[in-house]
Amino acid sequence: MRWDEIRRVELPPSVPGQLYLMSMPGRQRPLASDLEKALSLGITRIVSLAPPDEIADKAPEYAEAIASGALPFPLETCPIDNGGVPEDLDAFRDFVERAARRLETGERLLLHCSAGVGRTGTAAVGILLALGVPLEEALDLVRRAGSYPETAEQHQVVRWLAEGAEG
Numbered sequence: 001m002r003w004d005e006i007r008r009v010e011l012p013p014s015v016p017g018q019l020y021l022m023s024m025p026g027r028q029r030p031l032a033s034d035l036e037k038a039l040s041l042g043i044t045r046i047v048s049l050a051p052p053d054e055i056a057d058k059a060p061e062y063a064e065a066i067a068s069g070a071l072p073f074p075l076e077t078c079p080i081d082n083g084g085v086p087e088d089l090d091a092f093r094d095f096v097e098r099a100a101r102r103l104e105t106g107e108r109l110l111l112h113c114s115a116g117v118g119r120t121g122t123a124a125v126g127i128l129l130a131l132g133v134p135l136e137e138a139l140d141l142v143r144r145a146g147s148y149p150e151t152a153e154q155h156q157v158v159r160w161l162a163e164g165a166e167g
């Protein structure tokens, strides 16, 4: 599986939206190619986990499209440092719950960080937990789509989210 491809996460059958994962648009291929593919999938919103300076460094054309308002989709951000975890866990929980609600209303979200693995996997698991998917199943579904929490700290975040979902 290639991380520069757009990969779909299997969602519960009751959820009408779609969740897609990928590396940062414009990082591995021309930005126009990534945006064209996203448009063909009916993406309704891009969700970025990369801080603006990381985007500017790794995908300058994407950074310019964001700054100029030229993206063909709304952009939602939740910046997390590369290999890191959210500084504010309550805000991150609100973020994944908001994404889950968007999926429940039929939106098609494209979630990315830089490589599309660790931060993307952590957030995707969190979104599935907010949709009521049990932790081990959420981890498996996201792993099958090519992403996963990479670090011990990222695993702690998904366990924390799972405990909140159970309580």
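In my numbering, the protein residues as written are 1 to 167. Glycine included, every Cβ here is placed at the ideal spot set by N, Cα and C. Quick caveat, the model's predicted, so the values are computed rather than measured.
With respect to the 8 Å criterion, Ala162 and Ile127 are not classified as neighbours on the basis of their beta carbons.
Note: Ser48 is bridge-paired with Thr77 and His112 in the DSSP secondary-structure output.
Counting along the chain, Val9 sits inside the beta strand (DSSP E) bounded by residues Arg7 to Val9.
Contact check for Tyr20 and Ile43: beta-carbon distance about 7 Å, within the 8 Å limit, so the pair qualifies. Judged by beta-carbon spacing, Glu76 lies within the 8 Å limit of Val47, meaning their Cβ atoms are closer than that value. Going by C-alpha positions, Ile66 is about 14 Å away from Asp57.
With contacts defined as CB atoms closer than 8 Å, Met22 and Arg8 fail to qualify as a contacting pair. Listed in chain order, the non-local C-beta contacts of Pro86 below 6 Å within the same chain comprise Ile80 and Phe92, local neighbours out to five positions each way being set aside.
Per DSSP, reduced to three states, the secondary structure at Leu161 is helical. Assigned with DSSP and collapsed to three states, Leu41 falls in coil, not helix or strand. In the three-state reduction of the DSSP assignment, Tyr62 falls in the helix class. Thr120 is classed as buried because its beta carbon has at least 16 other beta carbons within 10 Å across all chains shown. In the DSSP assignment, Leu71 falls outside any beta strand (DSSP E), carrying neither H nor E. Between Gly116 and Ser147, the alpha-carbon positions lie close to 7 Å from each other. Take the alpha-carbon of Asp90 and the one of Leu141: they are about 24 Å apart.
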